[in-house]
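K.L.:
In the numbering used here, the protein residues as written are 1 to 75.
(1) Please name the residue, chosen from 19, 52, 9, 56, that lies closest to residue 31 on a Cα-to-Cα basis.
(2) Output needed for residue 57: all residues of its chain with C-beta closer than 7 Å, excluding positions within five of it in sequence on either side, in chain order.
(3) Identify every residue that forms a DSSP beta bridge with residue 51.
(4) Just to confirm the assignment, what range does the alpha helix (DSSP H) spanning residue 15 have?
(5) Please state whether DSSP places residue 24 in a helix, a strand or coil.
(6) Taking its Cβ as the centre, do 16 or more other Cβ atoms sit within 10 Å of residue 4, making it buried, or is it exposed?
(7) Could you tell me the alpha carbon to alpha carbon distance between residue 61 and residue 38, rounded to whole angstroms?
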C-alpha cells in the first residue's frame, strides 16, 4: 500500500523530471494497476507509465520523462 508521503514524493519527482513545456496530466487506477500520464506542448507529445500502485506508476513515468528530456549537458 502506498502512503500519502510516498505518493507526494513520487509526484514531485515526476514533476522535476518534466521536459520544458510538459505537464503531469493524470493518475488513474485501472483494475488492479495504476497509470500516470504526461503531455507536452505538441498534440502528439505524451507519455504514460503503469505500475502496481500509484507511486510506482509515477516513478516509472519520471524515468521515461528523464529519458525524453535527455541530459542537461547535451551528452
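The beta-carbon is built from N, C-alpha and C at its ideal position, and this holds for glycine as well.
P.N.:
In terms of the structure at hand:
(1) 52
(2) 27, 34, 35, 36, 49, 50, 51
(3) 34
(4) 4–16
(5) strand
(6) exposed
(7) 8 Å
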